[in-house]
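Colleague:
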RNA sequence: GCGCCCGUAGCUCAGAUGGAUAGAGCAACAGCCUUCUAAGCUGUGGGCCGCAGGUUCGAGUCCUGCCGGGCGUACCA
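In the numbering used here, the protein residues as written are 138 to 682.
(1) Answer yes or no: do residue 479 and residue 428 have a C-beta to C-beta separation smaller than 8 angstroms?
(2) Does the distance from the CB of residue 390 to the CB of residue 303 come in under 8 angstroms?
(3) Which residue comes first and which comes last in the beta strand (DSSP E) that contains residue 562?
(4) For residue 651, does the three-state DSSP call read helix, strand or coil?
(5) Quick check on residue 424: does DSSP put it in helix, strand or coil?
(6) Apply the 10 Å Cβ neighbour rule to residue 507 and answer buried if 16 or more other Cβ atoms are within range, or exposed otherwise.
(7) Which residues mark the beginning and the end of the beta strand (DSSP E) in which residue 467 is found?
(8) Which whole runs of the beta strand (DSSP E) in the segment 313-390 are 3 residues long or more, in chain order?
(9) Which of helix, strand or coil does DSSP assign to residue 184?
(10) To which residues does DSSP link residue 418 through a beta bridge?
(11) On the premise that residue 362 lies in contact with residue 426, defined as a C-beta separation below 8 angstroms, what is that separation, rounded to the nearest angstrom?
(12) Pick from 494, 617 and 599: whose alpha carbon is nearest that of residue 248?
(13) Is the segment 660-678 in contact with the segment 547-559, if contact means three or more CB pairs nearer than 8 angstroms?
(14) By DSSP, does residue 446 sit in helix, in strand, or in coil?
(15) Where residue 149 and residue 196 are concerned, what is the direct C-alpha to C-alpha distance, given to the nearest angstrom?
(16) Does the distance from the CB of residue 265 to the CB of residue 369 come in under 8 angstroms?
(17) Rounded to whole angstroms, what is the Cα-Cα separation between residue 382 and residue 279?
(18) Curious, which full-length beta strand (DSSP E) runs of at least 3 residues does the segment 178-246 contain?
(19) Compare the Cα-Cα distances from residue 356 to each of 642, 629 and 312 and report the closest residue.
(20) Provide the residue(s) that pair with residue 603 in DSSP beta bridges, ordered along the chain.
(21) Please list, in chain order, all residues of the same chain as residue 229 whose beta carbon is under 6 angstroms from its beta carbon, the five residues on each side excluded.
(22) Using C-beta distances below 6 angstroms, list every residue in its chain close to residue 291, excluding the 5 sequence neighbours before and after it, in chain order.
(23) Enumerate in chain order the residues of its own chain whose CB-to-CB distance from residue 504 is below 7 angstroms, with the five nearest sequence positions on each side excluded.
(24) Can you name, in chain order, every residue of its own chain whose Cβ lies under 8 angstroms from the Cβ of residue 379, other than the five neighbours on each side?
(25) To the nearest angstrom, how far is it from the Cα of residue 348 to the Cα of residue 322?
(26) Considering only residues of the segment 247-312, which uninterrupted alpha helix (DSSP H) runs meet the minimum length of 4 residues and lie entirely inside it, listed in chain order?
(27) Do three or more CB pairs link the segment 271-285 to the segment 464-471 at distances below 8 angstroms?
(28) In the DSSP assignment, the alpha helix (DSSP H) including residue 521 goes from what residue to what residue?
(29) Contact between the segment 529-540 and the segment 557-574: three or more CB pairs below 8 angstroms?
(30) Take the Cβ of residue 190 as the centre, count every other Cβ of all protein chains shown within 10 Å, and call the residue buried at 16 or more, exposed below.
(31) To which residues does DSSP link residue 548 through a beta bridge?
(32) Have a look at 472, 541, 548 and 517 and flag the residue whose alpha-carbon is nearest the alpha-carbon of residue 527.
(33) Please identify the residue among 395, 423 and 345 whose C-alpha is closest to the C-alpha of residue 407.
(34) Where does residue 441 sit, in a helix, a strand or coil, going by DSSP?
(35) Out of 171, 155 and 472, state which residue places its alpha-carbon closest to the alpha-carbon of residue 183.
(36) Where does the unbroken beta strand (DSSP E) through residue 610 begin, and where does it stop?
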């Protein structure tokens with residue numbers, strides 16, 4: 138980035154002025170072109186502590202500033218105390234040269250090297266196919282995992298497979314009734330049972346295999362339950378596969394019981410005086426930990442509530458030695474997080490390693506109308522349906538392009554539009570355009586030459602593009618650290634826009650022997666940035682469109 | 001009631017750690033292809049950044065209180 142030409146010099150100048158400034162120096166890109174290429178507000182933010190006028194401080198800093206005039210052509214103090222820098226084309230060319238020599242490491246960071254991160258996402262209950270709304274969790278989680286990988290972390294992608302608990306009983310019950318209804322259609326279906334057609338399908342399969350013949354009710358439920366779990370697991374995995382998502386670990390909830398982690402956890406909470414019996418249930422004394430109210434962790438029926446296995450599961454993840462443990466949850470799970478973290482902390486584990494992404498819900502719109510989906514009504518709009526309708530690239534991009542904290546309006550009409558209105562195509566088109574030029578250059582015997590003379594790149598649009606491209610690593614790091622993949626999507630849109638402008642104003646092929654090579658290389662670097670970025674978002678980068 | 005999230009252009013949304021005249025896409029209007037992909041580019045119009053205080057040299061951004069919407073607030077997950 139352009140910062141690199143002035144950052145250490147500014148530090149030195151500040152020290153020279155008797156000021157030690159531990160934080161990184163704040164830089165920003167001025168909105169107005171008259172304010173140079175880069176700006177710093179460091180004098181304004183330091184002025185108060187130093188009890189000096191910010192402009193005066195800026196003047197003494199600038200006076201002490203020893204900059205390389207090959208790279209920096211102008212330094213101005215402006216407004217209340219901004220220092221604005223203008224750079225020479227050589228500075229930009231040098232940034233581009235760095236990106237060329239970075240090779241396959243372009244846009245990759247090393248901030249996570251040697252660290253292990255676990256990203257848990259999707260984690261939908263195996264009680265049915267993934268529905269369209271699940272797509273947001275899938276896309277966010279997978280992109281975050283990709284971001285961590287791009288930053289050098291060793292990433293474990295994990296799916297918490299909730300195959301124990303009440304909802305599985307309900308699944309078994311639903312299948313069992315559908316099975317019996319084959320003989321006796323009048324039999325009432327459980328009011329809160331899973332009403333989707335897939336339940337009928339599973340029941341019919343069991344029937345055709347005669348799997349329940351001669352079985353007791355209890356055995357039948359068990360078989361139905363397993364059949365349901367298997368069906369859902371297969372269905373979910375298939376959907377994830379078409380979304381280009383592959384988990385390293387499917388963590389089965391029931392192993393928390395079979396390995397005794399759950400009972401051990403209850404025991405520890407009891408010993409710590411944080412669990413007690415009341416009304417036949419076991420309660421978690423959250424009020425002792427600053428919570429609003431105590432919560433049940435084992436029901437009077439003897440079954441645990443979701444909190445207990447969740448605590449045990451987080452304990453398990455932390456004990457596996459991850460430096461960072463990321464959870465991706467929908468906002469409907471928001472209440473559980475503080476409870477679980479309190480529990481984990483009470484067990485003596487370091488919860489500062491846990492980072493939670495909470496995304497808001499998704500509303501699907503079509504023809505200006507809200508489309509309502511109810512998993513249990515049978516009128517299920519599945520993620521498969523959505524993928525089939527709009528394509529994987531659109532699904533992944535639409536779910537990632539907004540900040541997780543806001544409600545997402547998924548415009549199905551826009552998503553289905555295969556043209557300029559659709560924001561995904563804007564990015565892909567830029568990539569395809571570059572690929573096309575590179576291919577065309579190849580046809581005329583010209584290939585991308587990494588040793589091209591970059592000194593011919595002086596056009597304003599070329600410099601703007603280079604400036605933007607040089608921010609790729611920083612953007613990836615920031616998106617990763619803030620767990621906000623949408624900032625990468627936004628960045629890529631800017632890159633595509635800057636390329637389109639460059640492409641429009643600066644002819645590449647036949648622009649002159651040296652210029653042609655240099656511009657072709659610039660285009661290729663842009664292509665790599667787009668390609669890598671799209672890969673992080675799980676979107677394909679087509680050669681042709 | 002309480003907790004968390006969100007209120008920015010007609011619509012959908014961006015707005016780095018507080019910075020200079022608040023941005024993009026869509027929609028509307030007007031231009032640009034005998035030349036590398038017009039799925040592109042350029043221009044015009046469009047705003048009490050929910051409201052009211054506060055902190056600050058400076059607030060869309062931080063604090064408080066309202067108003068409006070969402071999600072929670074289970075011996076469901």
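Backbone N, C-alpha and C define an ideal beta-carbon position, used for all residues, glycine too.
Please read these numbers as outputs of a predicted model, since none were measured by experiment.
Modeller: On the basis of the supplied data:
(1) yes
(2) no
(3) First-last for residue 562: 560-580, but that is the alpha helix (DSSP H), not the beta strand (DSSP E).
(4) helix
(5) helix
(6) exposed
(7) 461-467
(8) 386-389
(9) helix
(10) 415
(11) Between residue 362 and residue 426 the Cβ distance is about 35 angstroms, and since that is not below 8 angstroms, they are no contact.
(12) 617
(13) no
(14) helix
(15) 15 angstroms
(16) yes
(17) 7 angstroms
(18) 209-215 and 219-224
(19) 312
(20) None, per the DSSP bridge assignment.
(21) 600 and 603
(22) 253
(23) 550
(24) 521, 524 and 529
(25) 19 angstroms
(26) 271-287
(27) yes
(28) 520-527
(29) yes
(30) exposed
(31) 502
(32) 548
(33) 423
(34) strand
(35) 155
(36) Premise fails: residue 610 lies in the alpha helix (DSSP H), 609-618, not in any beta strand (DSSP E).
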